[in-house]
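Asker: Be aware that the sequence shown starts at 0, since it is given in numbering that gives the first Met the number 0, and climbs by one per residue.
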Amino acid sequence: MPGNHIRSALLLTALTLVFLAFGLVLGGDGGLKIALVLALVMNLGAWWFSADLVLAQTGARLVGPESAPELYALTAHLAERAGLPMPRLAVVDDPAPNAFATGRDPAHAVVAVTTGLVNLLNREELAGVLGHELAHVKNRDILLGSLAAVLAGAILFLANMARLGALFGGSARGRSGGGPAAAGLIMAFLAPVAALVIQAAISRSREYLADDGGADIAGTPEGLASALAKLGRWQGQGRRTSPGAAHLFIVNPLNQRSLKNLFATHPPLEERIARLRGEII
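In structure tokens, the structure reads:
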């Protein structure tokens, strides 16, 4: 596990460097300084407000024992088994089954599920999914994922702005400074690709650990394996989710059929299910 934490931290550093490189190419030394300040502010903001930012981004609403008694009781039971404090619980109004966890540490964690997940899964399967998310909390993956989402989202936003700038101001820049303008345009296309590759690697490095930990928390791997099989049939059919936040979910909510391997934020579902059932050693 320490090796995975180190690898994830290095990947997050690489994502930050991509952001800084974008600032350097677009604005020279001044742009680099601005990007450095923004990166520090975003990392600090994501650290302190990570749960609230993700809840707002996904449209999740907090629920309690009165509004969701069965879901709350099951989560509380699993959190006790995991040796964790009871996280805040949230629900996303989305017919596609999915779940995620966020927050800066176990004491400030939030576990969210979609309405589709609650309606589709039986109790054993739901326990497996909740166990997976609590394993992310226990492994302290939630902060890393939130930081990656904020930085990736910022890079995607800057890239869009740079492309729009090139589109509407390209002729003027072409007369006065074609070299820097061309470099900025190239960076506008390459930086999002690099960000998504790094972000995907961060996510993939954590999912197998969360599957194993979730099975231990739930008491059996079969519930999670069965749940993943059901969730896979719904992939890409839910609400529109930002690519910057897709890695937070237990199953990528976007359709990844054309994004095999390099851009995949999660290991293949078939491999995850086979590992849980002891079919892959």
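Virtual Cβ for every residue (Gly too), placed ideally from N, Cα, C.
Mind checking which residues open and close the beta strand (DSSP E) that includes threonine 74?
Answerer: Looking at the DSSP string, threonine 74 is not in any beta strand (DSSP E); the run it does join, the alpha helix (DSSP H), is 68-81.
Asker: Contact defined as beta carbons within less than 8 Å: I believe leucine 133 pairs with leucine 77. What is the distance between those atoms, to the nearest angstrom?
Answerer: Approximately 6 Å separates the beta-carbon atoms of leucine 133 and leucine 77; this is inside 8 Å, confirming the contact.
Asker: Relative to the C-alpha of leucine 129, which candidate in Trp47, Thr12, Leu88, Leu52 has its C-alpha closest?
Answerer: Leu88
Asker: Does serine 66 pass the burial test, meaning 16 or more other C-beta atoms within 10 Å, or should it be called exposed?
Answerer: exposed
Asker: Where are the beta strand (DSSP E) runs, 3 residues long or more, that stay fully inside the stretch 19-68, in chain order?
Answerer: 60-62
Asker: Going by DSSP, what residues sit across from alanine 153 in a beta bridge?
Answerer: Partner(s): none; alanine 153 has no beta bridge.
Asker: Between the C-alpha atoms of threonine 219 and glycine 127, what's the straight-line distance to the nearest angstrom?
Answerer: Rounded to the nearest whole angstrom, the C-alpha separation of threonine 219 and glycine 127 is 8 Å.
Asker: In angstroms with no decimal places, state the Cα-to-Cα distance between leucine 258 and glutamate 278.
Answerer: Residue placement at leucine 258 is poorly supported in this model, since its pLDDT is 47, which falls under 50; the coordinates are not used for a value here.
Asker: Going by C-alpha distance, which of Ser49, Leu73, Leu120 is nearest lysine 229?
Answerer: Ranking the options by Cα distance to lysine 229, first place goes to Leu120.
Asker: As a quick exercise: from Pro191, Val90, Asp92, Asp211, pick the residue whose alpha carbon is nearest that of leucine 20.
Answerer: The sequence as given places alanine at residue 20; leucine does not occur at that position. Each of Pro191, Val90, Asp92, Asp211 was checked against the Cα of alanine 20, and the nearest Cα belongs to Pro191.
Asker: Using only CA atoms, which one of Leu61, Ala187, Gly231 lies nearest to glutamate 269?
Answerer: Gly231
Asker: To the nearest angstrom, report how far apart glycine 173 and alanine 187 are at their CA atoms.
Answerer: Unreliable positioning characterises glycine 173 in this predicted model, as indicated by a pLDDT of 48, which lies under 50. The coordinate reading is nonetheless provided below. Approximately 16 Å, taken between the alpha carbons.
Asker: Which word fits arginine 276, buried or exposed, when buried means at least 16 other C-beta atoms lie within 10 angstroms of its C-beta?
Answerer: exposed
Asker: Relative to the C-alpha of valine 110, which candidate in Ala214, His131, Leu31 has its C-alpha closest?
Answerer: Valine 110 has its Cα closest to that of His131, out of Ala214, His131, Leu31.
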